[in-house]
Amino acid sequence: MSATEKTLSTTVPASLEAEQAVLGALLLDETAIDVAAQFLQPKHFYDSRHAQIYQVILDLHAKHMAVDLTTVVDELKDRKLLATVGGPAYLAALPMQVFSPANVEYYARIVHEKYQLRELVRVAEQIQEHVLQKDEDVQAVIELAENNLYAISQERRVRDFVDVGSLISEVVDEIEARSRQSHEITGVETGYPDLDAMTGGLQRSDLIILAARPAMGKTAFALNIVVRVGTGLRGKRIESELQRPVGVFSLEMSYQQVTQRLLATLAEVSMFRMRNGRLSKREKEKIHNAAKILATAPIHIDDTPNISIAELRSKARRLKSREPNLSLLVVDYLQLMHSGGRIENRQQEVAEITRSLKALARELDLPIIALSQLSRQIEQRRGKKQARPMLSDLRESGAIEQDADIVMFIHREMGKTEREEEDGAENMGQEATLIIGKHRNGPTGDIRLVFFKDIATFQSLSRDLPPDDVGY
Numbered sequence: 097m098s099a100t101e102k103t104l105s106t107t108v109p110a111s112l113e114a115e116q117a118v119l120g121a122l123l124l125d126e127t128a129i130d131v132a133a134q135f136l137q138p139k140h141f142y143d144s145r146h147a148q149i150y151q152v153i154l155d156l157h158a159k160h161m162a163v164d165l166t167t168v169v170d171e172l173k174d175r176k177l178l179a180t181v182g183g184p185a186y187l188a189a190l191p192m193q194v195f196s197p198a199n200v201e202y203y204a205r206i207v208h209e210k211y212q213l214r215e216l217v218r219v220a221e222q223i224q225e226h227v228l229q230k231d232e233d234v235q236a237v238i239e240l241a242e243n244n245l246y247a248i249s250q251e252r253r254v255r256d257f258v259d260v261g262s263l264i265s266e267v268v269d270e271i272e273a274r275s276r277q278s279h280e281i282t283g284v285e286t287g288y289p290d291l292d293a294m295t296g297g298l299q300r301s302d303l304i305i306l307a308a309r310p311a312m313g314k315t316a317f318a319l320n321i322v323v324r325v326g327t328g329l330r331g332k333r334i335e336s337e338l339q340r341p342v343g344v345f346s347l348e349m350s351y352q353q354v355t356q357r358l359l360a361t362l363a364e365v366s367m368f369r370m371r372n373g374r375l376s377k378r379e380k381e382k383i384h385n386a387a388k389i390l391a392t393a394p395i396h397i398d399d400t401p402n403i404s405i406a407e408l409r410s411k412a413r414r415l416k417s418r419e420p421n422l423s424l425l426v427v428d429y430l431q432l433m434h435s436g437g438r439i440e441n442r443q444q445e446v447a448e449i450t451r452s453l454k455a456l457a458r459e460l461d462l463p464i465i466a467l468s469q470l471s472r473q474i475e476q477r478r479g480k481k482q483a484r485p486m487l488s489d490l491r492e493s494g495a496i497e498q499d500a501d502i503v504m505f506i507h508r509e510m511g512k513t514e515r516e517e518e519d520g521a522e523n524m525g526q527e528a529t530l531i532i533g534k535h536r537n538g539p540t541g542d543i544r545l546v547f548f549k550d551i552a553t554f555q556s557l558s559r560d561l562p563p564d565d566v567g568y
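All the letters of the sequence shown, read from the start, carry residue numbers 97 to 568 under our numbering.
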């Protein structure tokens, strides 16, 4: 190695020896190319000569041409790069750097790790430059850092083929375990029996979209699920053994407002009466009992408005680290998020957000419920406000529908509710329909519910007890 090469390799993260070993292994045994290609792209090489040689090797291999010292020298000569990379003598010396081509994966991993370290140095310098600019927005710098660090962490993660033979025993054991269960719920129980029966519970790594027109109750329904999962509420009883940690990202309401909603739902006390303080002795008692339950419930709320997907991802990871058994995330709602990048087309931005949420669900191995608006075209169909929502009604529908494992719609006949409110009726439940419009791994169909607007609560039509019959 020349004095210059020694200086380069000690001033920046790089292993020129490992780079030479990779190239030497490929020249000795072209079957090693497929192994190296899992880890390395030309940009991963620190020495530009090595990047050029590697690119030629990949190109020859892609054309199903022989890859050896002779063919690589000829190709470099045709591209007028032979002298640039050091000439035939340098290429002939590369195989001498290799003890065995079988070690190519080890050499490739070293080269890739050094590339990641150089990227970290680059990002650190970039962040320093932004920090030293007096007018730079702090949050923008933080998001820049998070986006760059996440990109580095995800760089060329290798997932190889897995033989079915090594998986089949585990899969059969899981199927048999499910068959021995007294119920058919294999995911996170929502506390709504008909929904759980149709979905088997919310499955790990699933992205669930909950959509509705304004004032239909999509936030109420999502928070109802949060209450039931986070407290173990089933019907009118608290079953603490069913309690599971939940995270809520509320982009529209403050955490105080979300907490008030949760309290009203669990206590079954009118939110209006809670706000104006006109409470009966029985209502105060119910609020006190519900507050004690919520005080120990593992429900975590973040109310950052206009949150970016990078910030949400970072916070979700930290919450998962704090709560290893985190079972569910809720995002309210999708259209209030932004990608953090400079994407002018809103549909492309929503596509990036939904892809990232799906990837996050897989990474954290839990279901994510993301609330979504519907487009105005539903109002243009026959019946207008009475029209049932469809998949095509999703706002920026293409990407949302594609990335979602389950799409649910809430539908209510608004006219009836408006008449009830004019009459001043309280505690009058209104029938609602939860429409399962897409289910990647199961059936679709309708689930009948009853909505009690004053307490922001949906209940199963036939299996839940009516309000004011709280059993705790």
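Positions of the beta carbon are idealized from the N, C-alpha and C atoms, including for glycine.
Start-to-end residues for the alpha helix (DSSP H) that takes in M367: If you look at M367, you'll find it in the alpha helix (DSSP H) that goes M367 to N372.
Contacts around L213, its chain only, beta-carbon distance under 6 Å, and the 5 residues preceding and following it disregarded: For L213, where only same-chain residues beyond five positions count, the Cβ hits under 6 Å are P109.
Where I321 falls: helix, strand or coil (DSSP): Secondary structure of I321 (DSSP, three-state): helix.
Collapsed DSSP secondary structure at V342 in the structure displayed: Here V342 sits in strand by DSSP.
H535 - containing beta strand (DSSP E), residue span: Per DSSP, H535 is one residue of the beta strand (DSSP E) stretching across Q526 to H535.
First through last residue of the beta strand (DSSP E) which encompasses M504: Under the DSSP assignment, M504 falls in the beta strand (DSSP E) whose first and last residues are I502 to R508.
Alpha-carbon spacing of G261 relative to E272, whole angstroms: Using only the alpha carbons, I get a separation of about 17 Å.
Chain D contact for T553 (CB, 8 Å cutoff): The structure shown has no chain D; it contains just one protein chain.
Which of helix, strand or coil DSSP assigns to H160: Here DSSP, grouped into helix, strand and coil, assigns H160 to coil.
Beta-carbon contacts of E126 that lie in its chain and below 6 Å, excluding the five residues immediately before and after: Non-local beta-carbon contacts of E126 in its own chain, meaning distances under 6 Å to residues more than five positions away in sequence, involve V163 in chain order.
Own chain, CB closer than 6 Å to G328, minus 5 neighbours either side, in chain order: For G328, where only same-chain residues beyond five positions count, the Cβ hits under 6 Å are I334, E335, S336, L338 and Q339.
Reduced DSSP secondary structure (H/G/I, E/B, other) of G261: Looking at G261 - three-state DSSP - the assignment turns out to be helix.
Cβ pair count under 8 Å reaching 3, the region 346-361 against the region 524-542: No, the region 346-361 does not touch the region 524-542.
Simplified DSSP state of A483, which is helix, strand or coil: It is coil, neither helix nor strand.
V237 versus R218 - alpha carbon distance: About 14 Å.
Given 8 Å, three or more beta-carbon pairs between the region 119-139 and the region 185-194: The region 119-139, when compared against the region 185-194, does touch it at the 8 Å Cβ threshold.
Collapsed DSSP secondary structure at R205 in the structure displayed: Residue state, collapsed to three classes: helix.
Under the three-state DSSP convention, the category V284 falls into: Here V284 sits in strand by DSSP.
Exposure label - P463; buried when at least 16 CB within 10 Å: That one is buried.
Identified DSSP bridge partners for D428: Per DSSP, the beta bridge partners of D428 are S346.
D461 (DSSP reduced to helix, strand or coil): Note: D461 maps to coil in three-state DSSP.
Buried versus exposed, by CB contacts within 10 Å (16 or more), T107: A residue is called buried when at least 16 other Cβ atoms come within 10 angstroms of its Cβ; T107 does not meet this threshold and is exposed.
Contacting residues, own chain, Cβ-Cβ under 7 Å from L470 (five flanking each side not counted): Within the same chain, L470 has close Cβ partners A307, A308, R309, P485, D489, L490 and R491.
Buried versus exposed, by CB contacts within 10 Å (16 or more), Q555: Label assigned to Q555: buried.
Member of E448, E171 and F195 whose CA lies at the smallest distance from the CA of A114: Nearest to A114 by alpha-carbon distance, out of E448, E171 and F195, is F195.
Backbone secondary structure at A114 - three-state DSSP: Secondary structure at A114: helix, using DSSP grouped into helix, strand and coil.
Segment limits, alpha helix (DSSP H) that includes Q555: Annotation for Q555: no alpha helix (DSSP H) segment contains it, though the beta strand (DSSP E) segment containing it runs T553 to S556.
T103, buried or exposed, once every other Cβ within 10 Å from all chains shown has been counted against 16: Summary for T103: the model assigns pLDDT 46, below 50, so the residue's position carries little reliability, and this model does not support an answer.
Spatially closest choice to V200 from Q356, A132 and L172, by CA coordinates: Looking at the Cα atoms, A132 is the closest of the given residues.
Residue nearest to L545 in terms of C-alpha spacing, selected from G525, H535, I551 and S435: Of the listed residues, the one whose Cα sits closest to L545 is G525.
For H140, the first and last residue of its enclosing alpha helix (DSSP H): Note, H140: premise wrong, no alpha helix (DSSP H); not H, not E.
Stretch pair the region 410-424 + the region 375-391: three plus CB contacts closer than 8 Å: Too few Cβ pairs lie closer than 8 Å, so no.
Straight-line gap, E516 to I506 (C-alpha atoms, nearest Å): Caution is warranted here: a pLDDT of 47 is assigned to E516, below 50, making its placement in the model unreliable, and the coordinate value is therefore given only provisionally. The alpha-carbon atoms of E516 and I506 are separated by roughly 19 Å.
Residue(s) in a DSSP beta bridge with I395: Beta-bridge pairing links I395 to V342.
Per DSSP, the bridge partner or partners of R330: DSSP lists R333 as partners of R330.
Contacting residues, own chain, Cβ-Cβ under 6 Å from T513 (five flanking each side not counted): Confidence is the limiting factor: at T513 the pLDDT is only 46, short of 50, which leaves the residue's position unreliable, though a coordinate-based value still follows. Counting only residues of its own chain and dropping the five nearest sequence neighbours on each side, T513 has a CB closer than 6 Å to the CB of Q526.
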